[in-house]
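S.K.:
Numbering (the UniProt record's numbering), first residue to last: 1 to 1118.
(1) Is residue 1123 helix, strand or coil when you go by DSSP?
(2) Buried or exposed, going by whether 16 or more other CB atoms sit within 10 Å of the CB of residue 516?
(3) From what residue to what residue does the alpha helix (DSSP H) around residue 1058 run?
(4) Going by beta-carbon coordinates alone, are residue 109 and residue 123 separated by less than 8 Å?
(5) So, with DSSP's three-state summary, where would you put residue 994?
(6) Taking all protein chains shown into account, decide if residue 1154 is buried (16 or more other Cβ within 10 angstroms of its Cβ) or exposed.
(7) Assign residue 322 to one of three DSSP states: helix, strand, or coil.
(8) What residue from 908, 642, 632, 664 has the CA that sits closest to residue 692's CA?
(9) Comparing C-alpha positions only, which one of 197, 859, 159 sits nearest to residue 941?
(10) Please classify residue 887: does DSSP put it in a helix, a strand, or coil?
(11) Let me confirm a value: residue 472 is counted as buried when at least 16 other C-beta atoms fall within 10 Å, else exposed. Which label applies?
(12) Who are the near neighbours of residue 563 in its chain, counting only those whose CB is closer than 6 Å to its CB and skipping five residues on each side?
(13) Out of 247, 234, 686, point me to the one whose CA is closest to residue 325's CA.
(14) Distance check for residue 283 and residue 705, CA to CA, integer angstroms please.
(15) What distance in whole Å lies between the Cβ atoms of residue 453 and residue 370, which are believed to be in contact at a cut-off of 8 Å?
(16) Sort out for me which residues DSSP pairs residue 313 with in a bridge.
(17) What separation, rounded to the nearest whole angstrom, lies between the Cα atoms of residue 619 and residue 247?
(18) Take residue 1119 and list the residues in its own chain whose beta-carbon comes closer than 6 Å to its own, dropping the five residues that flank it on each side.
(19) Residue 1075 lies in the beta strand (DSSP E); which residues open and close that run?
(20) Need the endpoints of the beta strand (DSSP E) that residue 955 sits in, please.
(21) With DSSP collapsed to three states, give me the class of residue 190.
(22) Can you tell me whether DSSP reads residue 99 as helix, strand or coil?
(23) If we count the other Cβ atoms within 10 Å of its Cβ and call it buried at 16 or more, is residue 718 buried or exposed?
(24) Among 104, 401, 440, which one has its Cα closest to the Cα of residue 419?
(25) What did DSSP end up calling residue 455 once you bin it into helix, strand or coil?
(26) Apart from the five residues just before and just after residue 527, which ones in its own chain have a Cβ nearer than 8 Å to its Cβ?
(27) Determine whether the beta carbon atoms of residue 423 and residue 460 lie at a separation below 8 Å.
(28) Less than 8 Å between the beta carbons of residue 1051 and residue 1001, yes or no?
(29) Do residue 636 and residue 686 come within 8 Å of each other at the CB atom, strictly closer than that value?
(30) Please determine, among 280, 107, 169, the residue with the shortest C-alpha to C-alpha distance to residue 194.
(31) Using the three-state DSSP reduction, which class does residue 594 fall into: helix, strand or coil?
(32) Quick one: what's got a C-beta closer than 7 Å to residue 768's C-beta in the same chain, skipping five residues either side?
(33) Skipping 5 residues on each side, what residues in its chain have a beta carbon closer than 8 Å to that of residue 678?
(34) Which whole runs of the beta strand (DSSP E) in the segment 354-384 are 3 residues long or more, in chain order?
(35) Along the alpha helix (DSSP H) that carries residue 1007, what are the first and last residues, could you check?
(36) From the DSSP output, read off the bridge partner residues of residue 849.
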């Protein structure tokens, strides 16, 4: 500037000199010039001077014009300097950190805000390489950005990691604008400089990291929890189900629709009203939380018990529930608590953008505000929409922000502050609220002498929204974590400090959260001393295994001890580096206390399940097997899985039932008829066996309530049905037995008296024949024989009546079957219709068999009755009995291959025969082809039971339309039993010639006393006869040694024969005693022998038999 002024002064001096010369020239012309140079002036010289003067004048005129332009340029330059100073002041005082960097990466300029942001002074920064301020881990990103800068690319925004002067690492969002001023040099075109705006986003990034840590804690809680999580938006019905919730019911994640009905439709019908009532009570605020046990139907159709807990976490202004969260715990099998609780929460990403900066100037005194175009864009207006009146602008702010702005402006006016900084809320043109962060500074008075405020505004709406979202998300995470029944915790990697615990941990430890801050090692100190070492050792393995699970005890301050299940794991950051440890713990005190009881209950439940196992069957719309459980395959006799996809009806139903049942099933699938919830029907197993199944049925529907199939549980009630029929049969048998008992009692009474009569009749008839047969006429002799025959038939009839009245009191014995067959034929001939005739073929050489006579009698009667029914009451029944030397056949009942010797008893008829398909079922209990009430279906079953009990088998030959033959094969009796049977069945009845001795005869029937006295005296015996036991005892006591033998009836008034014998034997041990009876259930041969009675005989006794027994006890004399 000074050099330029000196030049100007010299120019002005020369100008004056030339102006003087020019004036002289103009005034005097040549005279003047000649006067100045009289001696030397020549015409040529004088002409030259004239031209020089002309040029001088012209130069003077040009100089004056040039001077005028220089003055104008100087004024413009002064204005430029003022604008530069204004820009430098704005640059220096801006609330945003600015810097400029040259093409070599060195810092050219920084403002005051940059100094505050980085901690470096302007003198320290200028000329310093920008790379030297970058932290070590931020260098790769900086180098990549600088390389793009050198290539001339537009960079825009980026993030850099810068080291603060105090060593802190700052995360800066940098907006870069390249000002290209190029000149050509040896290295090519060189960029002059760049301008950068730096925004500190460190706190924002730390907030995002805090959010990720919160999400990590939630993920850890959900990953380690073993319960199902649900989050229900009550108003919309939208429901989140955790994967564990679905897998707990056998579904894949996402298989169930995320709505309320997915839960409600699976709740057991009996439990749904209770669950909904509990929800209503919690909604109304009557209960602090929703908690109930209920059953849920799994995918397989099984009911699973669930412990449901939940809590309303959000309500509207009216108090109505908006959102509810909770858990489902599988309590069906309490050992499943180690499974993980997998939960997923929507991920929230907070994005904060910076860099939208608007500049403004405010003249408080005049109420005028000017803003750049960015300010209008931030508020959604065009520049022509708003004037520069401050009163109009301030109306855009919300009332609270207006108050803050006015207070700050007033502080500036009073001189209490030079700077202003505040966050305000402003209405956008669209009606939404915009958050602005404004910084301003009171500037010196300008040319107009009026103070102004220079500042900028940054749109922080997204940052405020991100912060609000972060706080809301933190609140939601905390609510969700606090609603969990499981304790969630996090700690430093070395376990030196607990970083976080939720409410459940406080309850588990019995201590508030602040106790963990006051006692960093409380998590270990509260562990039971006996468990502490194990916890430390297992926790040390955490670094090797990455995850450990352990059970231990925690001691409460009041001495109460709680068992916990703790799942610990190492938490990694995004780069896979361990940052902390965390875990989920569950209070399992009650489970531990009930462990033994649960084991016992489990074992008992297993036994119950074995008894209560049922067939589970699922059919699709076509009747194909969609599901069949193990019990179903076990009942049907098929390999597991072999029936899936096969037609159920054609596979398992009897032939005649397939089409009718399929028609009903099709109508059910079409919705024309309702499904019967309970049905009983027969199925055919793989082996051909029929089983009766009781079905409980339900239809399966899709989301649109269309029927897609059926689901049924079936119980095999074959045995139950048989048992019911058996009970009915037993009831009838009991009634029959009671009737027979009454008949028996009546028969017994009659038999006793009748046998006494028969004894007299047969006795006297025998005496008459023996003594007078040769003397009386032949016709009289015949009459006596007829009387004797009739008496014997009457005797047999009484014996038969007694046998049937006593039922099954007999025991197996060596038995000749010919008398039994004849007895049955004689018994059945009368009650059967006249159209039935019997034909017998009985081999007399048939050996005996070892069998219960009554059961053998019953088996033969059953076969004969079946034969009669098969012939419809008309035809011939053929009974044969013979010995089979060798047989090779298959048993119709047990299907064994038979061989060897047998006794065959067969019954043949001329009836309708048996269909081949029914032969495998004729021996099944209750199987019958008769009409209802015409038969019980138990006849052949009883016959099979009798035969099998005695080691026998059954052969069946049948031709439909021609008849059937049932062949009972019974094993031969043992040789010794055969010998004993022959001796007992063929006694030696030879009458001895003479016997002697003194006999005491006792009977209350006088006719019998007379008969016995006459019979015995005729053989040479001396007989004392009395009509009651008391007299006999008195007579014997008078002369006990005078009697050689006592014969007494068993049934007598006041004293029985066995009691009399006991007293007589007490007086004279070894005394021979014979007891006989027409009907005595209290005494038999075995009992008589045990009492010391010599013989027991049944009335009526044949004379030869009686005399033979007496002879054995009293040897005959000549």
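C-beta: ideal position from N, C-alpha, C; glycine also.
M.R.: Taking the structure as given:
(1) The first residue shown for the chain is 1 and the last is 1118, placing residue 1123 beyond what the model contains.
(2) buried
(3) 1057-1067
(4) no
(5) Coil.
(6) What is shown of the chain runs 1 to 1118, which leaves residue 1154 out entirely.
(7) Strand at residue 322.
(8) Selected option, being the one with the closest Cα: 632.
(9) It is 859.
(10) Correct three-state label for residue 887: coil.
(11) exposed
(12) 553, 588, 589, 592
(13) When only C-alpha atoms are compared, the closest one is 234.
(14) So the two alpha carbons sit approximately 29 Å from each other.
(15) The pair is not a contact, with the Cβ atoms about 11 Å apart (cut-off 8 Å).
(16) The partner list for residue 313 (beta bridge, DSSP) is empty, contrary to what the question assumes.
(17) 23 Å
(18) The requested residue 1119 does not occur in the structure, where the chain is confined to residues 1 to 1118.
(19) Here the beta strand (DSSP E) through residue 1075 covers 1073-1077.
(20) 953-959
(21) For residue 190, the predicted model reports a pLDDT of 45, less than 50, meaning its position is unreliable and no value from the coordinates is stated.
(22) strand
(23) buried
(24) Answer by Cα proximity: 440.
(25) In the structure shown, residue 455 falls within a strand segment according to DSSP collapsed to helix, strand and coil.
(26) 535, 552, 553, 554, 555
(27) yes
(28) no
(29) In terms of Cβ geometry, residue 686 and residue 636 form a close pair [threshold 8 Å].
(30) Here the closest residue by C-alpha is 107.
(31) Coil.
(32) 784
(33) 694, 695, 696, 697
(34) 357-363, 368-371
(35) 1006-1018
(36) 815, 972
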